[in-house]
Every structure is written in C-alpha cells, then in structure tokens.
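Down below is the structure, laid out as structure tokens.
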C-alpha cells in the first residue's frame, strides 16, 4: 500500500510565491554549476600551461565524456520527473522506490559504459579525427576516467532526485565540494608538486575521479539518511517496472542530451580539418560558452521539478506563470552576455593560450554564437519543463531539429563555403530557428492545460 503522507523533507513547490521558489532553487544551482564549470576551466588553464597538445587532446575527449554525462542527465531527468510528480501527489513510497531504482540504474549503466569504452578507445577517437600522435595521450586520460566513471554518474542521478524534492541547495553544496577538491588536486597531480609524480593529462583525470568520489559519498548519504529517499526494500521490489517508468521519460531525455555532445564531436571533427590549434581554440571557446550559460542551465534544471510537482498537484495556473518568469530572465541574460563578450573576449583568451591561431578561432566563435543564447535558453527551459511534465518526446524532437536537421547540414555547407566561420554561423541559425519553434510549442501546451483546468 502506498503511503500518501507527504515527507517533511520535501519542499512543496505547489504553494507560495512562484518567483521566490524559482530564485531559491536556481541561485544555489547556478553556484553549483559554476563550481563544476570552474573545474573544467581550471583543467583547461593548467593543461594550457603545458602546451596546445593536451588542449587539443581534451578537445577530442570532452565530447566523449559529455556523452556519459548526458546519459546520466537523461536518467536523472526521468527520475526527477517521476519523483517530482509522486511528491506532488503525496505518495512517499513511490518517491522512495523511484529514487532507489534510479541509483541502481545509474550504477549499471556506468559500469556497462566503462567496459565498452575501455575496449574501444583507439577506434573511437580515430573516428573522431584524432591524429595518431594524440591517441596515446587520450588513452592515458580515458583509461583512468573510465575506471571511475561510476563515481561521476551516480551522484548526477542522485542530485536529480534531491532536486525533485525541491532542494537545490544540497546538490549545489555537493558540486562545490567536488570543485574544491579538484582545484586543489589539479596542479599537484598535473605538475607533480609536493613530491607527487608529474602526470600531466593523467593527473587531470585522476583529480577529477578523486573529486567525484567525494560527491558519490555525499549524495548517497543525503538521500539515505537526511531525505529518507533510499529504501532498498522498495527499490528492489518491482525493479523492472520502476526502471520502465523512469526510462519512459529517461530514454528520450538521454537521446536529447546525447545528441548535443555528438554534435560537438561532429563540430570538433569539422574544426580538426583546420589544424590542432583550431581544435584547441574551439575547446577554449566551448568552455567559456559553458560558463556563460550557467544561469540558463540553472533555471532550466529547476523547471523540471517545479513543473512536475505542480502538474502532480494539478496546479496548472502555476505552470504558465513559472514559464513566463523563466523566459524573461533568459532573454535578459542572453543579451547581457552577448554584449559583455564583445569587451571581455580578448583578455579572457589570454588566460588560456598565447597562441594567435588558437585565440583567433575562439575569438570568432565568441563573437558569433552568443547572440543566439536567448533562444538557446528557451530551448533548454522548454526541454526541461516538458520532461518534468512527463513529455520527453517533444524535448527530443527539438534537439533533433536543432542539431541534426539544422546544424549538421548548415555546418557542412558553411564550412565548405565560408570556412571555420561558417561552422559557427550554423550554430547561431540553428539556435534561433529552434528556439522560436520551442516557444510556440510550449505556449500552446500551457494553454491546453489551462483550458482543461477551466473545463473541470
């Protein structure tokens, strides 16, 4: 029998000021995401001190790591959706079952990915266009990363479960802890300080895995002992049924998230035709872009739980208001970033590389693509909101439209006729077109919910 008693550990997002709920959840998430992004920026900074070769290697490695991260985000989105709606409907036993089953599913997927990944390092990276002299360096990093990738995946899914309960502060603290440990270990292991051997790229991989082992322990402890969301007796009971319900939302969300790093891998392959310096510049620009998108990622990450809880409680009028607040913020932030980068790009690039070719590629990217960030934010929020409401297919379709139908052919066409600049213009156009369509779809969806509410 399912308990209908609402746990006191959950934050009720179905009542109270909407703008306050969104701010209270998004602000800690922005800080947490900033911490995680700083990890990668720090990696890029320290590796850049060694030279362009490790930066180029990371340019090939980053999309592959992002694939597993995207799988984790997808499973986390599926878990967050079912957990948030169970919380909204006040079903505590379902909350515990879904949370436990999501953690077990994340562990299984990480182990399978690691096993396959270690056997396919050389053919995979050759397929991505990595030159022969980079393959051993890439393998040094990936062999370490694959061994510990379960320590990365499980906390990502665990944090999604915690956010579904309306708590974004704890996931933020966990991400901050990871970043602090990584920042401390990076220079020690990369350069061989304090008697440690100089490991260079291997050191960056080991620092990441050790840092995420901290988040693994913290996430499991919080879920089990603080939020009481893990209950193994509920998790193993009806395991396959729970996995099916999570994957019903999670698999389209995985597809939605995996397509993005695949498109980055494709873009890296296109850029690699212009030399390893171009790949290094593209990698630096992509890291700076990720940093600029942190507030949009934060607001998108909390819209799923907000929409899920309110849909579960049938508070349809709150859905529309929440979306309006998030879209207004997205457009203001996107325009602010675009204008700021016109001034800030040259000094930013000097922090990462003194190579003029590397800088020119990154400079070109950061002067073109950011003008589409308001519409990219709309796409991110729409995808997260749709998934939170249990409609993951539209989110997947928007990603397919943006990256496969629009970006890929436009990037090929642009690269052929305009060179590397055409690749970046393609990203701009794909974001603008898809964002407009996503805005139209979500507006129509919310009007339908409000109409059904009035009919009742």
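In my numbering, the protein residues as written are 4 to 459. Positions of the beta carbon are idealized from the N, C-alpha and C atoms, including for glycine.
Distance, residue j Cα to residue i Cα
i           : j           : result
residue 344 : residue 135 : 35 Å
residue 439 : residue 249 : 29 Å
residue 132 : residue 17  : 49 Å
residue 185 : residue 451 : 47 Å
residue 196 : residue 54  : 18 Å
residue 441 : residue 409 : 14 Å
residue 214 : residue 158 : 12 Å
residue 106 : residue 320 : 33 Å
residue 233 : residue 96  : 10 Å
residue 121 : residue 443 : 43 Å
residue 317 : residue 111 : 34 Å
residue 425 : residue 166 : 39 Å
residue 98  : residue 210 : 34 Å
residue 179 : residue 189 : 15 Å
residue 108 : residue 342 : 43 Å
residue 369 : residue 411 : 19 Å
residue 63  : residue 78  : 24 Å
residue 293 : residue 40  : 7 Å
residue 218 : residue 177 : 6 Å
residue 309 : residue 295 : 23 Å
residue 19  : residue 242 : 35 Å
residue 65  : residue 305 : 25 Å
residue 403 : residue 199 : 46 Å
residue 461 : residue 421 : Past the boundaries of the shown model lies residue 461; the chain is included only from 4 to 459, so the question cannot be answered.
residue 163 : residue 223 : 12 Å
residue 74  : residue 357 : 35 Å
residue 150 : residue 328 : 42 Å
residue 14  : residue 153 : 29 Å
residue 289 : residue 332 : 22 Å
residue 229 : residue 235 : 15 Å
residue 50  : residue 137 : 14 Å
residue 87  : residue 339 : 32 Å
residue 413 : residue 225 : 46 Å
residue 299 : residue 115 : 32 Å
residue 303 : residue 72  : 16 Å
Neighbourhood of residue i by C-beta distance below 6 Å, restricted to the same chain and skipping five residues each side
i           : result
residue 434 : 375, 378, 379
residue 59  : 279, 282, 283
residue 466 : This structure does not reach residue 466, given that the chain is present from 4 up to 459, and the question cannot be answered.
residue 42  : 182, 185
residue 8   : Because the pLDDT of residue 8 is 42, which lies under 50, any placement of that residue in the model is unreliable, and the number read from its coordinates should be weighed accordingly. Answer for residue 8: 95, listed in chain order.
residue 251 : none
residue 423 : 277
residue 417 : 425, 426, 428, 429
residue 124 : 142, 145
residue 330 : none
residue 325 : 21, 309
residue 148 : 208
residue 397 : 389
Neighbourhood of residue i by C-beta, 7 Å cutoff - its chain only, sequence neighbours within 5 removed
i           : result
residue 194 : 201
residue 23  : none
residue 301 : 29, 32, 33, 36
residue 160 : 75, 78, 79, 82, 105, 106, 109
residue 84  : 252, 307, 311, 390, 391, 393
residue 221 : 177, 180
residue 212 : 147, 148, 151, 154
residue 465 : One cannot answer for residue 465 here, as it falls past the ends of the chain, which runs 4 to 459.
Check: residue i C-beta below 6 Å from any heavy atom of the ligand ZN
i           : result
residue 409 : Ligands in the displayed structure: none, and consequently the ligand ZN is not present.
Other residues of its chain near residue i: CB distance less than 8 Å, five sequence neighbours each side excluded
i           : result
residue 240 : 100
residue 48  : 354, 355
residue 285 : 62, 270, 271, 274, 364, 365, 368
residue 247 : none
Presumed contact (8 Å Cβ cut-off) between residue i and residue j, rounded CB distance
i           : j           : result
residue 307 : residue 388 : 7 Å
residue 262 : residue 406 : 5 Å
residue 169 : residue 192 : Contact doesn't hold; Cβ gap of about 37 Å is too wide.
residue 390 : residue 401 : Contact doesn't hold; Cβ gap of about 11 Å is too wide.
residue 156 : residue 113 : 4 Å
residue 399 : residue 313 : Rounded, the Cβ-Cβ distance is 23 Å, inconsistent with contact.
residue 287 : residue 361 : 7 Å
residue 431 : residue 371 : 6 Å
Between the stretch 87 to 100 and the stretch 140 to 149, do at least 3 Cβ pairs fall closer than 8 Å? Cβ pair count under 8 Å is below three, so no.
Hey, which unbroken runs of the beta strand (DSSP E) at 3 residues or more fall wholly within the stretch 293 to 350? Taking only runs of at least 3 residues, no beta strand (DSSP E) segment lies wholly in the stretch 293 to 350.
4-residue-minimum alpha helix (DSSP H) runs that sit fully inside the stretch 199 to 246, ordered along the chain: Assignment of alpha helix (DSSP H) within the stretch 199 to 246, counting only whole runs of 4 or more residues, yields 204 to 224, 235 to 238 in chain order.
Can you find at least 3 beta carbon pairs, one from the stretch 251 to 259 and one from the stretch 26 to 33, that sit closer than 8 Å? The stretch 251 to 259, when compared against the stretch 26 to 33, does not touch it at the 8 Å Cβ threshold.
So does the stretch 260 to 270 actually touch the stretch 342 to 361, counting three or more Cβ pairs closer than 8 Å? Segments in contact, no.
Fully enclosed by the stretch 393 to 442, which alpha helix (DSSP H) runs are 4 residues long or longer? Here the runs fully enclosed are 395 to 402, 411 to 421.
For the stretch 49 to 104, which segments carrying the alpha helix (DSSP H) assignment without a break, of at least 4 residues, lie completely within its bounds, in sequence order? Complete alpha helix (DSSP H) runs here, min 4: 55 to 91.
Continuous alpha helix (DSSP H) assignments of at least 4 residues falling wholly in the stretch 129 to 214: You should have 138 to 150, 153 to 167, 172 to 194.
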